[in-house]
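Contents: one structure, followed by commentary.
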Amino acid sequence: MTPRDETRRDSPGAARDTRQAPTRAAVLVPYRTRDRSPGGVGARTPEARLDEAVGLAAAIDLAVAIATLVPLAEVRPATFLGKGKVEEIAAAVEAEGIELAYVDAALSPVQQRNLERAWKTKVIDRTALILEIFGRRARTREGTLQVELAHLNYQKSRLVRSWTHLERQRGGFGFLGGPGETQIETDRRLIGERITAIERELEQVTRTRSLHRKSRERVPFPVVALVGYTNAGKSTLFNRLTRAEVFAENLLFATLDPTLRALDLPHGTRIILSDTVGFISELPTTLVAAFRATLEEVIEADLILHVRDVAHLDTAAQAADVEKVLGELGIDAADHARILEVWNKVDLLDGDTRARIEAEAERRPADQRPALVSALGGEGVEALLNLVEARITAGRITRTLSLAPEDGEGLAWLYRHTDVIGRTSEAETGRILVTVRVPAERLEEIDRRYPVAYFPPE
Numbered sequence: 112m113t114p115r116d117e118t119r120r121d122s123p124g125a126a127r128d129t130r131q132a133p134t135r136a137a138v139l140v141p142y143r144t145r146d147r148s149p150g151g152v153g154a155r156t157p158e159a160r161l162d163e164a165v166g167l168a169a170a171i172d173l174a175v176a177i178a179t180l181v182p183l184a185e186v187r188p189a190t191f192l193g194k195g196k197v198e199e200i201a202a203a204v205e206a207e208g209i210e211l212a213y214v215d216a217a218l219s220p221v222q223q224r225n226l227e228r229a230w231k232t233k234v235i236d237r238t239a240l241i242l243e244i245f246g247r248r249a250r251t252r253e254g255t256l257q258v259e260l261a262h263l264n265y266q267k268s269r270l271v272r273s274w275t276h277l278e279r280q281r282g283g284f285g286f287l288g289g290p291g292e293t294q295i296e297t298d299r300r301l302i303g304e305r306i307t308a309i310e311r312e313l314e315q316v317t318r319t320r321s322l323h324r325k326s327r328e329r330v331p332f333p334v335v336a337l338v339g340y341t342n343a344g345k346s347t348l349f350n351r352l353t354r355a356e357v358f359a360e361n362l363l364f365a366t367l368d369p370t371l372r373a374l375d376l377p378h379g380t381r382i383i384l385s386d387t388v389g390f391i392s393e394l395p396t397t398l399v400a401a402f403r404a405t406l407e408e409v410i411e412a413d414l415i416l417h418v419r420d421v422a423h424l425d426t427a428a429q430a431a432d433v434e435k436v437l438g439e440l441g442i443d444a445a446d447h448a449r450i451l452e453v454w455n456k457v458d459l460l461d462g463d464t465r466a467r468i469e470a471e472a473e474r475r476p477a478d479q480r481p482a483l484v485s486a487l488g489g490e491g492v493e494a495l496l497n498l499v500e501a502r503i504t505a506g507r508i509t510r511t512l513s514l515a516p517e518d519g520e521g522l523a524w525l526y527r528h529t530d531v532i533g534r535t536s537e538a539e540t541g542r543i544l545v546t547v548r549v550p551a552e553r554l555e556e557i558d559r560r561y562p563v564a565y566f567p568p569e
C-alpha cells in the first residue's frame, strides 16, 4: 500500500507555521473484483470511484496520505473487508500516522466500530462524509436544518461516541461542533425529540418557500433549473449567465442551498434561473429525502438544464446518476421537452475528442440535441440562451394590446401577470402599445381584460 506523495515537515531551521495541520486521512475504495470487467453505459470504474473519493476528502480539507483500491470478494458482516486486508490496512494506518480512515461504502454500525478497533483510528463511511460536506456548504437556515435532520437520522443507529475522535483532534468539522461545544450526548428518545422539532421547523420553512413560489407564480416568469453531477460546472455556468458571484470552486458540492436570479434572455423573455446542489453516485436515499424541499425548485421548474462535464472520462456514468436522482424526484429523464442537456467543458477536449463529441450531438434528434458550451470561457453560451428562449416560448402566444394612456392599473396588471416584451406609444392617439407573451391557456383571460388589440397597418 503506497502512500500518496506529500510535502514533509519543514526543517528545524524553517519558520514555524502556527496553523493546525490538516487531519491525515486514508481513502479506501472497496470494489467487487468481478466489477473489473467493462460494463455498459453508466458503468463506473474503480479508478474513477477512487478519484471521486479523494475529491470528497479534499472537499473538507483532509490531507490524503493513503488512497487505494481495496479488492473485495465478498462483504464480511463484521468488518466489511476481509481479515487479511483489515490487518494490512492497520499496518499502513499506523505507519502513516493516519487520524481518519474514509471507507467509500455504506458501513453498518458494527462494521464501523470493529474497523475503528482494528485500525485504532476514526472511521467514517460515504454517508457520514457527504453529510459533513453538506454541513460545511449549508448557508441558509433551511440548509442547516436539512443537514442536521439527515445527520440525526444517520446517528440514531450509531454510537454517539463515534464522533469523539474528531472532537478531540480538531474540535469537529463544520456542523459537528467547534472547540468547547457539546457533542450530541443523548439517547434515542432525545434524538427523536430533536428530529421532531426540526421537522416542525422545516414544515414552516417549506410553507414560507411555498408562499414565495406562489408570489413568483403571480409574476409569471418561467423557472429554469440547473442540475448536474457535482463539479460539472453548474455554478460557473450560473455565474456566466447571471453575472452573479455564486461560490464556484473546483470542489465537490460547492453549492448546496439553491440560488435564484432573474435573467433576461436575448429577445426579452425574463426567466428565474436556479442553481442547485450537485448530484452524486450512490447518494443515500435518506439524503435525497432530506433535501427534497431544497430540490423543489427542480421539481417545479419549467425547464431543466442538465449540465454535464463532457471532458470527464466518467461523463456517461455521471449522467446516469443524475437521471436516477431525477427519477427519485418524480421527474422523467426522458421528457426531452422539459430537459435540455448542456455539454460543458468543451474547451478541455482535444481536437479528435471534440470532433467526436460534436458528431455525437449532431446525430441526436433535434428535440434531444445538447448545447455545447464552455462555462468558464463563454463559448456557446449565447447559443444556449437562444435555445433556452426557444424552449421556454414554445407554445406561448405573443399579443400586442392597445391601452388608454390613463389605464395605469391595466398596465400594472400586465407587468404582474404576463411576460411584457415590448412597450411603445402611438404618436397620434397617445395610446400605449404593450406586447406580451402568455401561455395559450391564459389568452382567453387576456382577451377578456383587454378587448382592444393592436394590429399594425398593412
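Just so we're aligned, residue 112 is where the sequence shown starts under this note's numbering, counting upward by one.
Even for Gly, the Cβ is constructed at its ideal location relative to N, Cα and C.
{"Item": "Measure the alpha-carbon distance for GLU556 versus LEU376 and round it to whole angstroms.", "Value": "26 Å"}
{"Item": "Nearest to ARG372 by CA position, among LEU512, VAL335, GLU199 and LEU242, is which residue?", "Value": "VAL335"}
{"Item": "Can you find at least 3 beta carbon pairs, one from the segment 536-552 and one from the segment 490-509, that sit closer than 8 Å?", "Value": "yes"}
{"Item": "Taking only runs of the alpha helix (DSSP H) that begin and end inside the segment 195-268, which ones reach a length of at least 4 residues, in chain order?", "Value": "220-230, 237-248 and 252-266"}
{"Item": "Looking at LEU483 and VAL457, is the spacing between their C-beta atoms short of 8 Å?", "Value": "yes"}
{"Item": "Note down, in chain order, each residue of its chain lying with its Cβ closer than 8 Å to the Cβ of GLY488, except the 5 sequence neighbours on either side.", "Value": "ASP458"}
{"Item": "Which residue's Cα is closest to the Cα of GLU163: GLN222, ALA201 and LEU424?", "Value": "LEU424"}
{"Item": "Near THR353, which residues of its chain fall below 7 Å by C-beta distance, leaving aside the five closest residues on each side in sequence?", "Value": "ARG372, LEU374 and LEU384"}
{"Item": "Taking GLU314 as the reference, which of GLN257, THR370 and ALA170 has the closest Cα?", "Value": "GLN257"}
{"Item": "Between the C-alpha atoms of VAL492 and ARG560, what's the straight-line distance to the nearest angstrom?", "Value": "38 Å"}
{"Item": "Taking 7 Å as the limit between beta carbons, can you name the residues of its chain near LEU525, skipping five residues before and five after?", "Value": "VAL531, VAL545 and VAL547"}
{"Item": "If you run the structure through DSSP and keep just helix, strand and coil, what is TYR561?", "Value": "coil"}
{"Item": "Helix, strand or coil for LEU522? Go by DSSP, reduced to three states.", "Value": "helix"}
{"Item": "Could you check where the beta strand (DSSP E) with VAL91 kicks off and where it finishes?", "Value": "Here the chain has residues from 112 to 569 only, and residue 91 is not among them."}
{"Item": "Among the candidates ARG449, ARG187, ILE442 and GLY254, whose CA atom is the shortest distance from the CA of GLU310?", "Value": "GLY254"}
{"Item": "Would you identify the three-state DSSP class for ARG381, choosing helix, strand or coil?", "Value": "strand"}
{"Item": "Identify, in the order they occur along the chain, each residue of the same chain with its Cβ nearer than 8 Å to the Cβ of LEU522, setting aside the five sequence neighbours on each side.", "Value": "LEU514, ILE543 and VAL545"}
{"Item": "Taking only three categories from DSSP, how would you classify ALA412?", "Value": "coil"}
{"Item": "Based on Cα-Cα distance, which residue from GLY303, GLN222, ILE450 and GLU411 lies nearest to VAL499?", "Value": "ILE450"}
{"Item": "Would you identify the three-state DSSP class for ILE442, choosing helix, strand or coil?", "Value": "coil"}
{"Item": "Assuming THR134 contacts ALA174 under a Cβ cut-off of 8 Å, what Cβ separation, rounded to an integer in Å, is found between them?", "Value": "6 Å"}
{"Item": "For GLU207, which of SER536, ALA137 and THR341 has the nearest alpha-carbon?", "Value": "ALA137"}
{"Item": "GLU452 and ALA444: beta carbons closer than 8 Å?", "Value": "no"}
{"Item": "Taking only the alpha-carbon atoms, compute the straight-line gap between HIS447 and ALA431 and give it to the nearest angstrom.", "Value": "15 Å"}
{"Item": "Below 8 Å CB to CB, which residues in the same chain sit around ARG252 once its five sequence neighbours on both sides are set aside?", "Value": "VAL316"}
{"Item": "So within the segment 441-529, which uninterrupted beta strand (DSSP E) runs reach at least 3 residues, ignoring any that extend past its ends?", "Value": "450-455 and 507-514"}
{"Item": "DSSP puts ARG419 in a beta bridge; with which residues?", "Value": "TRP454"}
{"Item": "ILE235 and LEU211: beta carbons closer than 8 Å?", "Value": "yes"}
{"Item": "Buried or exposed: where does GLN223 fall if 16 or more other Cβ atoms within 10 Å of its Cβ makes it buried?", "Value": "buried"}
{"Item": "According to the Cβ coordinates, are PHE332 and ASP386 closer than 8 Å?", "Value": "no"}
{"Item": "Taking the straight line between their C-alpha atoms, what separation do you get for ARG465 and GLY246?", "Value": "38 Å"}
{"Item": "Any idea what DSSP makes of SER346, helix, strand or coil?", "Value": "helix"}
{"Item": "Going straight from the alpha carbon of THR540 to that of ASP413, what length do you get?", "Value": "39 Å"}
{"Item": "Quick one: residues in its chain with C-beta nearer than 8 Å to the C-beta of TYR142, no 5 flanking neighbours on either side, listed in chain order?", "Value": "PRO157, ARG160, LEU180, VAL181, PRO182 and LEU183"}
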